[in-house]
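Residue numbering for the sequence shown follows our numbering, starting at 1 and increasing by one per position.
Where a beta carbon is used, it is the ideal one built from N, C-alpha and C, also for glycine.
Keep in mind that this is a model prediction, so the values were computed, not measured.
To start, the structure itself, in structure tokens.
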Amino acid sequence: MNLAAELLETTVKISLVLTAALIAVTLLRRRSAALRHWVLAAAIVCAAASPLVALALPPWQVPLQRVPLVRSVILPDASAVTMTAAGGPRSVAARGGGSAPKSIERIQAVAMAIWIAGAAIALAILIIGLARLAWITSRARPIDEGAWAHWARELSRQYGLRRPPLVLQSDRPALLVTWGSVRSVVIVPHAAQLWDDDRIRIVLGHELAHVKRGDWLVQIAAEIVRAVQWFNPLVRIACRRLRLESEQATDDLVLGLGIDPPEYARQLVDLARTFANQTRAWLPAPAIVRASSLERRVVAMLNTRSDRTPATRMARLISVTLLSVAALAVASAQGVFSTLSGSVVDPQNGVLPDVKLVLTNKDSGAKYEIRTDRSGHFEFVGLPSGRYSLDAALAGFATLQGDVELTGQNVQRDLALKIGSLSESITVRANSSADSASAPVRRSAPRTFTPKPCGGGPPAAGAIGGNIRPPMKLVDVRPIFPPNLAATHTAGLVVLEARIGTDGLVHDIRTISATHPDFESAARDAVRQWEFSETLLNCTAVDVMMRVTTTFEVER
């Protein structure tokens, strides 16, 4: 599977898991924010892990029944092949190929370049943000005494933290964040020393609640997923909802310390007003006040009927189990999506670019059409389970038809196309007089034929094949309208099938249908005398089948 297909499949799987989580969060709107945050966090982790789980699942090798169907085809060549019939000359035009695979490859290359550029920019922004946090931390001053140090120790004890976080004071007027995993760091603005005890307790209570919940690591994991899936709106929605539920769950923990909700809301609004006129750079860390979510948080904390209980161990276990099962099901894609891939070659194992492949679902009728690339490779992705018919067609070759049943696994199958058949249609007319019907056989004079130079032989392994030089008719003999049937004004139709050998002569004439034995004899006698130049496949002489339809008409 190429990188574009893998990205598409990964995006679909991540989207399915996140869609299930967002639906679950909507259904849990009357439950606590801590439970909703846990569901979203678990979903993001499971969604990110589902592509990795899929790598461990082996592809299925499903047998594809291949039934070659010979149809009338147009043989490609630089020079046209002219066959003379009663209705006038007919030209088998040359047809080029290769532009469609190149266009598809260019589109895929451009799409991948855009995705890589977007992911690189998003990851660079995240790395720069972390570097800024580290730089600000290195220049900040620790607060080891006073109200900040006291409340840091006291709140750490109440939250059950093993050791209090490091409280640092920066010289920035509107920077209030918490980050870090080994030992958390709380960075406060330079005016924080002037705050009263109530505000210090509320601010530190909020920031240490993030530490207790481990929100920073969850947020960084979500930001990484969003950077890689920067184009996926579901990932953006999930990350934004994750941040909102994180802040609301943290507010619930703070209120659990016994802080009055109206007082807490007033302090948040005052902080938002203080920071409103200050320039604030984006940083990958939770922030106590955000204009986008402040109103909703204030409404929630003033709602006395809100569920503020933390997520229980049983609720976490159930949610993780359900999401893990969903992620595993999506990763294996049983009954959801399949991939059918392989290569198309000619009878000499030369790869065939620009082969048109049409996959049709027998149940729904949905069709999927692609073309092989320059290496003869093809790949159908995102196929629902079901029974399919596959047609592979290329000018100059017989159409290949087969059936395959997909059950949510990857199917690999190489296809070999056979050379197509020539189709000749002749109309023989007889006047009402018997003399005209018994006119002598008319032969075309042998034409001088100078074949084009053709060097080399069968293609090497992996080389491009499909180079067909069609036969040129050198001797043409027209059938005779049987006099006895012309006299009775009898019309008829004869369909013959024959093989043009490597010597250019017609062999193995077989009658498909004939309305009268005399018509059949006349058609066979004429076709038997035809002569052709040799048919070449990759500069090697090969046999080619021919289908001749002769119509006998009587002019009245």
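Given that a residue counts as buried once 16 or more other Cβ atoms are within 10 Å of its Cβ, and exposed if not, what is Gly258? Exposed: under 16 other Cβ atoms inside 10 Å.
Measure the beta-carbon distance from Ile44 to Val177 and round it to whole angstroms, keeping in mind my assumption that it falls under 8 Å. Between Val177 and Ile44 the Cβ distance is about 21 Å, and since that is not below 8 Å, they are no contact.
Starting from Val203, follow its DSSP beta bridges and name the residues at the other end. In DSSP, Val203 forms no bridge with anything.
Taking only three categories from DSSP, how would you classify Leu538? What sits at residue 538 in the sequence shown is Asn, not Leu. DSSP places Asn538 outside both helix and strand once states are collapsed to three, so it counts as coil.
Mind checking whether Ile464 and Val355 have CB atoms under 8 Å apart? Taking C-beta atoms as the reference points, Ile464 and Val355 fail to come closer than 8 Å.
Which of the three DSSP states, helix, strand or coil, is assigned to Asp260? coil
Own chain, CB closer than 6 Å to Thr407, minus 5 neighbours either side, in chain order: Ser385
For the candidate residues Thr399, Gly382 and Gln348, whose alpha-carbon lies nearest to that of Asn341? According to the sequence as given, residue 341 is Ser; it is not Asn. Ser341 has its Cα closest to that of Gly382, out of Thr399, Gly382 and Gln348.
Which two residues bound the contiguous alpha helix (DSSP H) that contains Glu145? It is not in any alpha helix (DSSP H) - Glu145 carries neither H nor E in the DSSP assignment.
Exposure of Val544, with buried meaning 16 or more beta-carbon neighbours within 10 Å: Buried, since its Cβ has 16 or more Cβ neighbours within 10 Å.
Taking the alpha-carbon positions, what's the Gly365 to Asp373 distance? 25 Å
What number of angstroms, rounded off, separates the C-alpha of Thr488 from the C-alpha of Ala398? 40 Å
Does DSSP classify Asn484 as helix, strand or coil? helix
Do you know offhand how far Asn232's Cα is from Gly396's? 43 Å
Return the chain-ordered list of same chain residues with a C-beta closer than 6 Å to the C-beta of Pro68, the five sequence neighbours on each side being excluded. Any reading at Pro68 is ruled out, since the residue's pLDDT is 39, under 50, leaving its predicted position unreliable.
Output yes or no for whether 8 Å exceeds the beta carbon distance between Ile509 and Arg528. It is a contact, given that the beta carbons lie within the stated cut-off.
Kindly indicate which residue of Leu323, Leu271, Arg313 and Leu415 has the alpha-carbon position closest to the one of Leu189. According to the sequence as given, residue 189 is Pro; it is not Leu. Measuring from the Cα of Pro189, the nearest candidate turns out to be Leu271.
In angstroms, rounded to a whole number, what distance separates the CA positions of Gly504 and Thr11? 56 Å
Let me know if Ala26 comes out buried or exposed under the rule of 16 or more other beta-carbons within 10 Å of its beta-carbon. Reading off the sequence, residue 26 comes out as Thr, not Ala. Thr26 is exposed by the Cβ-count criterion.
Quick one: is Gln193 buried, meaning 16 or more other Cβ sit within 10 Å of its Cβ, or exposed? Classification of Gln193: exposed, given that the 10 Å Cβ count is below 16.
Please report how far the alpha carbon of Val203 lies from the alpha carbon of Ala109, in whole angstroms. Distance between the alpha carbons of Val203 and Ala109: 50 Å.
Of the residues Glu263, Leu268 and Leu242, which one's Cα is nearest the Cα of Trp216? Leu242
Among the residues of its own chain, which have a CB less than 7 Å from the CB of Asp252, if the five just before and after it don't count? Ser32, Ala33, Ala34 and Arg308
Round the Cβ separation of Leu359 and Leu390 to the nearest angstrom and send it over; I've been treating them as touching at under 8 Å. Yes, they are in contact, since the Cβ atoms of Leu359 and Leu390 sit about 5 Å apart, within 8 Å.
Distance between Arg387 and Ala541 (C-alpha atoms, nearest Å): 39 Å
Cβ shell of Leu7 (< 7 Å), same chain only, five flanking positions each side left out: Taken in chain order, the residues that qualify are Trp115.
Which of helix, strand or coil does DSSP assign to Lys212? Helix.
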